[in-house]
Every structure is written in C-alpha cells, then in structure tokens.
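Student: In the working numbering, the protein residues as written are 262 to 530.
Where a beta carbon is used, it is the ideal one built from N, C-alpha and C, also for glycine.
I'd like to ask some things about the structure below.
What follows is the structure, encoded as structure tokens:
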C-alpha cells in the first residue's frame with residue numbers, strides 16, 4: 262500500500278447561482294457530473310449550488326491508501342471556507358450521505374440535511390471485508406472490479422438505457438486508487454444513528470423501492486434517527502433517484518429546501 266500524500270487535497274467544484282447555499286455531494290465511484298440534472302433547476306429555484314468532486318474522484322486530487330468520511334467532510338468545510346459560505350444545506354447520495362452526516366454532526370454550519378439512498382448504520386463485518394477486498398482489487402487491477410461489484414444492483418429494471426450508459430462511463434472514468442481509498446474509509450464508518458438523534462435539523466430522506474442497499478429496513482433506521490424528516494420514496498427506482506427520476510426528484514428536493522430554509526439555521530442540541 263502506498264504512503265498517503267502529505268499535501269492537502271485539491272478539490273474541484275462548480276459554484277453556480279445565487280441565494281441560500283446548497284452543497285451536493287456525489288456517491289461512489291461517481292463525480293460531480295452526477296448532479297447535472299439538478300444544476301439548472303436548483304439555480305432557477307433561487308439557490309447557490311456548490312458541487313464538489315470528493316477527494317479521489319473526478320478532477321480532485323487523490324489520497325492513496327485510505328481516506329475516512331471525516332476527512333472527506335473536512336475537505337468540504339475547507340471548500341466552504343474558501344468560498345466564504347458560512348452556512349449551507351448539504352445533500353448527499355450514498356457515500357455522499359455519509360459525508361453529509363459527518364458534516365451535520367460535527368459542525369453547526371448546516372441549514373438543512375438531505376440524505377439520498379444512504380444508511381446511518383455502522384458497517385458489518387461482512388461488508389467491511391468485502392469493501393477491503395474490492396479496494397485491494399481496484400489498486401491492483403483498476404476500476405473494473407468496483408464497477409463489476411456494483412452494477413448488477415445499481416439500477417432499477419426500468420432504468421433508461423441512456424442513464425445506464427452515462428453512469429457506467431462516469432464510473433469507468435474514476436481513479437481506481439481514489440475509489441480504493443474511500444472504500445477503506447467506508448469500511449470503518451461509525452454508527453451515525455446516535456449522532457443524528459442529537460440534531461434539530463430539517464431533514465430530507467429520499468430512496469427508491471428497487472434499491473437493494475437502501476432497503477425499507479435500512480431507511481426506517483435512518484428515518485428513526487431524525488426528528489420529523491420529510492421522507493420521499495420513489496416506486497420502481499434504484500440507487501440513483503436523482504438520475505432515474507430527475508424531474509420528480511428535483512420537485513421534491515426544491516420544495517423541501519424552500520420550506521426548510523425558511524425556518525432559519527439549525528443547531529445541535
């Protein structure tokens with residue numbers, strides 16, 4: 262395993278629009294382009310959107326070996342500092358949801374929290390071993406082992422072929438070492454449920470019924486850890502509701518953000 266880079270991560274990002282800030286955090290092994298269907302609708306709805314590539318993905322620099330969800334969250338804080346954004350709503354999908362939970366439970370700078378196709382539960386022993394094995398395979402053989410492990414369960418049966426093709430292209434463009442580092446970080450993720458229960462924060466939870474990872478049981482645990490979250494479930498949609506059902510997703514997210522950001526900043530209690 263290579264030594265980790267000493268230099269801070271260089272984070273690529275888009276900064277669009279004006280108004281209350283909303284940070285969109287992609288999942289694994291994706292990049293900020295996965296939020297393309299949300300860019301213009303959110304800007305038109307009156308929001309400033311900041312869309313980063315997480316460390317190790319897209320155009321951002323990588324840390325070799327391993328990177329924790331807390332470190333990825335720290336990169337977002339540094340980005341917000343550099344943009345002079347004092348407060349933001351944060352929406353994360355899958356691994357991005359883990360980063361969003363890190364931010365929500367370690368800083369008071371969030372105005373709202375969006376959790377899409379994600380989990381608050383700790384990693385199981387089986388999952389930990391699987392993630393570490395795939396990480397080692399990615400370091401040795403490239404990104405294809407990551408793609409092969411995910412694709413059979415990633416999409417709903419009715420997902421448009423153009424969406425499948427676009428997502429596969431995005432995945433295959435990922436740096437395998439960056440993806441491996443994040444897999445190792447996810448293999449040691451904490452139990453976010455006790456942390457989330459300390460929050461008084463407007464929350465949005467979104468899942469698809471055909472997502473084999475964010476199942477009804479997993480989502481119930483997440484929802485049960487939040488105070489009165491707005492929960493949206495899309496029928497016959499898989500792990501990427503923002504791409505499989507973009508119009509419905511945008512409508513629900515924008516409505517949530519308009520309502521949530523009218524309530525003022527949230528604080529930990």
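Less than 7 Å between C-beta atoms, sequence neighbours within five positions excluded: which residues of the same chain meet that for residue 498?
Tutor: The residue labelled residue 498 in the question sits at position 237 within the chain shown. The answer, listed in chain order, is 417, 469, 470, 471, 505, 506.
Student: Among 293, 391, 270, which residue has its Cα nearest to the Cα of residue 276?
Tutor: For this step, residue 276 is matched to residue 15 along the chain shown. If we check each option's Cα against that of residue 276, 293 comes out closest.
Student: From residue 389 to residue 488, what does the alpha carbon distance come to, in whole angstroms?
Tutor: As a working note, residue 389 is residue 128 in the chain shown. As a working note, residue 488 is residue 227 in the chain shown. Cα to Cα, the separation comes out at about 29 Å.
Student: How many angstroms separate the CA atom of residue 337 from the CA atom of residue 345?
Tutor: In the chain shown, counting from the first residue as 1, residue 337 sits at position 76. In the chain shown, counting from the first residue as 1, residue 345 sits at position 84. Cα to Cα, the separation comes out at about 12 Å.
Student: Using the DSSP secondary-structure output, state which residues sit across from residue 312 in a beta bridge.
Tutor: By 1-based counting over the chain shown, the position of residue 312 is 51. In the DSSP output, where bridge partners are listed per residue, residue 312 has 275.
Student: Under DSSP, the alpha helix (DSSP H) around residue 300 begins and ends at which residues?
Tutor: Against the chain shown, residue 300 aligns to sequence position 39. Segment 297–305, the alpha helix (DSSP H) holding residue 300.
Student: On the premise that residue 448 lies in contact with residue 490, defined as a C-beta separation below 8 Å, what is that separation, rounded to the nearest angstrom?
Tutor: Taking the first residue of the chain shown as 1, we reach residue 490 at position 229. Taking the first residue of the chain shown as 1, we reach residue 448 at position 187. Between residue 448 and residue 490 the Cβ distance is about 27 Å, and since that is not below 8 Å, they are no contact.
Student: DSSP three-state label for residue 223, please.
Tutor: No answer is possible for residue 223: it lies beyond the span of the chain, which begins at 262 and ends at 530.
Student: Just to confirm the assignment, what range does the alpha helix (DSSP H) spanning residue 440 have?
Tutor: Residue numbering aside, residue 440 sits at position 179 when the chain shown is read from its first letter. From DSSP, the alpha helix (DSSP H) with residue 440 extends over 437–447.
Student: How many whole angstroms separate the CB atoms of residue 406 and residue 452, which I take to be in contact at a CB cut-off of 8 Å?
Tutor: By 1-based counting over the chain shown, the position of residue 406 is 145. By 1-based counting over the chain shown, the position of residue 452 is 191. Residue 406 to residue 452, Cβ: 28 Å. No contact.
Student: Note down the Cα distance separating residue 512 from residue 320, rounded to an integer number of angstroms.
Tutor: Start at 1 with the first residue of the chain shown, and residue 512 comes out as number 251. Start at 1 with the first residue of the chain shown, and residue 320 comes out as number 59. So the two alpha carbons sit approximately 29 Å from each other.
Student: How far does the alpha helix (DSSP H) with residue 501 in it reach, from first residue to last?
Tutor: In the chain shown, the residue the question calls residue 501 occupies position 240. Residue 501 -> no alpha helix (DSSP H), and no H or E assigned at all.
Student: Going by beta carbon distance, what residues of the same chain come within less than 8 Å of residue 415, once the five residues before and after it are set aside?
Tutor: Here residue 415 refers to the residue found at position 154 when the chain shown is read from its first residue. Answer for residue 415: 428, 499, 500, 501, listed in chain order.
Student: Counting only runs of 3+ residues fully inside the segment 370–436, write out the beta strand (DSSP E) ranges in chain order.
Tutor: The qualifying runs are 371–377.
Student: Could you tell me whether the segment 477–485 touches the segment 421–438, where touching means 3 or more Cβ pairs closer than 8 Å?
Tutor: No, because fewer than three Cβ pairs between the segment 477–485 and the segment 421–438 fall closer than 8 Å, the two stretches do not touch.
Student: To which residues does DSSP link residue 465 through a beta bridge?
Tutor: Along the chain shown, one-based indexing puts residue 465 at 204. DSSP, once it has assigned bridges, lists 375, 491 as partnering residue 465.
Student: What are the residues that DSSP puts in a beta bridge with residue 270?
Tutor: Position 9 of the chain shown, counted from the start, is the residue given in the question as residue 270. None, per the DSSP bridge assignment.
Student: Hey, would you say residue 316 sits closer than 8 Å to residue 270, going by beta carbons?
Tutor: As a first step, residue 316 must be located in the chain shown, where it is residue number 55. As a first step, residue 270 must be located in the chain shown, where it is residue number 9. Against a cut-off of 8 Å, the Cβ pair of residue 270 and residue 316 comes out as a contact.
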